[in-house]
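What follows is a short report on a single structure.
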Amino acid sequence: PVVEGIVAASGVIISVDTNVAAVAERAIAAGASVINDTSGLWDPRMAEVVANSDANLVLTHSVGTPRAEKPRPQYDDVVAEVVSFLRDRVTRAVDGGVPLERLIVDPGHDLNKNTVHSLELTRRFEEIVAIGLPTLAAVSNKDFIGESIDREQGQRLAGSLAAATFCVVKGARIIRMHDVRASVDAVRMTEAILGMRQPVHAIHNTDPEKNV
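Residue numbers (the numbering used here): 125 to 336.
Below, the structure is given as structure tokens:
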């Protein structure tokens, strides 16, 4: 009812986070346009469910059983291992019938990763982008930001914006944030600096006589 109500009232794109194919199926039927599978196809039916719809699928790097306790994360090269995982999941999704143009990848900041790992993923975000699919950066309020700048939940907006805009510079095309207005402004400004967006106005110091 919630998804149906939001779609009916606003018409906005609805993304539903789930690693369960049956939940994804019902969400799509209710009007969800994006399924964000934070488990990276843990449910073997997920690709089939998305393939039989018009929805997009976000493939996120994660290891082990969803929501289960896991050993301390260890990687020889976290970025290389995340890229390898995501490439494998892209292949699985395509083999399962999901068109390549409906896939999005997400390196999964903080998911089975410590702060050093998440910082390295951010620093080398272009290597995730090199997979060749739209890349999502879900960094808002994450613990790696809180630990990096010593801020609790609710005090991480500046750090979240810094991480998100850095990912945009590195090639991220989707960001998932909590503070919408500040995030939109930060991304639009970043895009303007990069030449990806024209200024809304460009009148400063253009008067023939009255300039400062």
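Each residue gets a CB set at the ideal place from its N, CA and C atoms; glycine is no exception.
(request) Look at Gly-295 and Thr-259 and say whether their C-beta atoms are less than 9 Å apart. (result) yes
(message) So the candidates are Glu-315, Val-222 and Asn-236; which of them puts its Cα closest to the Cα of Arg-191?
(response) For Arg-191, the nearest C-alpha among the options comes from Asn-236.
(message) Which runs of the beta strand (DSSP E) at least 3 residues long sit entirely within the stretch 226-261? Give them in chain order.
(response) With a minimum length of 3 residues, the continuous beta strand (DSSP E) runs that stay inside the stretch 226-261 are 227-230.
(request) Under 8 Å by Cβ, that's how I've got Arg-211 and Ile-255 pegged, so tell me the actual separation to the nearest angstrom. (result) 6 Å
(message) Let me confirm a value: Glu-193 is counted as buried when at least 16 other C-beta atoms fall within 10 Å, else exposed. Which label applies?
(response) exposed
(message) At the level of alpha carbons, what is the spacing between Gly-283 and Gln-277?
(response) 11 Å
(request) Measure the CB-CB distance between Asn-265 and His-302 and report whether it falls below 9 Å. (result) yes
(request) For Thr-289, name the three-state secondary structure that DSSP assigns. (result) helix
(message) Taking its Cβ as the centre, do 16 or more other Cβ atoms sit within 10 Å of Val-173, making it buried, or is it exposed?
(response) buried
(request) Flag this pair as yes or no: are the beta carbons of Asn-180 and Leu-227 separated by less than 9 Å? (result) Cβ atoms of Asn-180 and Leu-227: closer than 9 Å.
(message) So for Ile-137, helix, strand or coil by DSSP?
(response) coil
(message) Under DSSP, the alpha helix (DSSP H) around Val-207 begins and ends at which residues?
(response) Residues 202-219.
(request) Indicate the three-state DSSP secondary structure (helix, strand or coil) for Ile-317 in the structure shown. (result) helix
(request) Tell me whether Leu-183 sits in a helix, a strand or coil according to DSSP, three-state version. (result) strand
(message) Per DSSP, what are the beta-bridge partners of Asn-335 in this structure?
(response) Its beta-bridge partners do not exist; DSSP assigns none.
(request) Kindly indicate the opening and closing residues of the alpha helix (DSSP H) around Ile-152. (result) 145-154
(request) Within the same chain, show all residues whose beta-carbon is closer than 8 Å to that of Asp-234, passing over the 5 residues directly before and after it, in chain order. (result) Ser-242, Lys-266, Asp-267 and Phe-268
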